[in-house]
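Q: Please find one structure pasted underneath; my questions will follow.
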Amino acid sequence: MAARALSLHDTAHRAPSQTPRLRGSVASLPPIGPEGHPRKFGQGSRSCRMCSNRHGLICKYGLNMCRQCFRQYAKDIGFIKLD
0 MAARALSLHD TAHRAPSQTP RLRGSVASLP PIGPEGHPRK FGQGSRSCRM
50 CSNRHGLICK YGLNMCRQCF RQYAKDIGFI KLD
């Protein structure tokens, strides 16, 4: 039997679980995410101590808070606004 190239029309009628994985395409790569190896350094290793957000993190003075939580709790921590 001769091998033939797959096209979108061949896979359109199949269920997603039956769609063949093409070698060398992006769809055949394994998912990368939090279930991977534990992060030791970098942006993925740090998160906000209040809301676990990883964006806009303030690590200075050991705060480890995102900027939104810092604005919310700044007075409680003891920070004051200067002119």
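In numbering that gives the first Met the number 0, the protein residues as written are 0 to 82. Cβ coordinates follow ideal geometry from the N, Cα and C atoms, glycine included. Remember, it's a predicted structure, so these values are computed and weren't measured experimentally.
1. Output the distance between the C-alpha atoms of Arg45 and Ile57, rounded to the nearest integer angstrom.
2. Using CA atoms only, rank isn't needed, just tell me which of Met49, Lys39, Pro37, Tyr60 is closest to Gln71.
3. In terms of alpha-carbon separation, which member of Gly43, Asp82, Leu81 lies closest to Asn63?
4. Can you tell me the Cα-Cα spacing of Leu81 and Phe69, whole angstroms?
5. Have a look at the DSSP bridge pairing and note the partners of Leu62.
6. Taking the DSSP output, what are the residues bridged to Leu56?
7. To the nearest whole angstrom, what separates the beta carbons of Gly77 and Gln67, a pair I think is in contact under 8 angstroms?
A: Walking through what the data contain:
1. 10 angstroms
2. Met49
3. Gly43
4. 16 angstroms
5. None; Leu62 has no bridge partner.
6. Cys65
7. So it is not a contact: roughly 19 angstroms between Cβ atoms.
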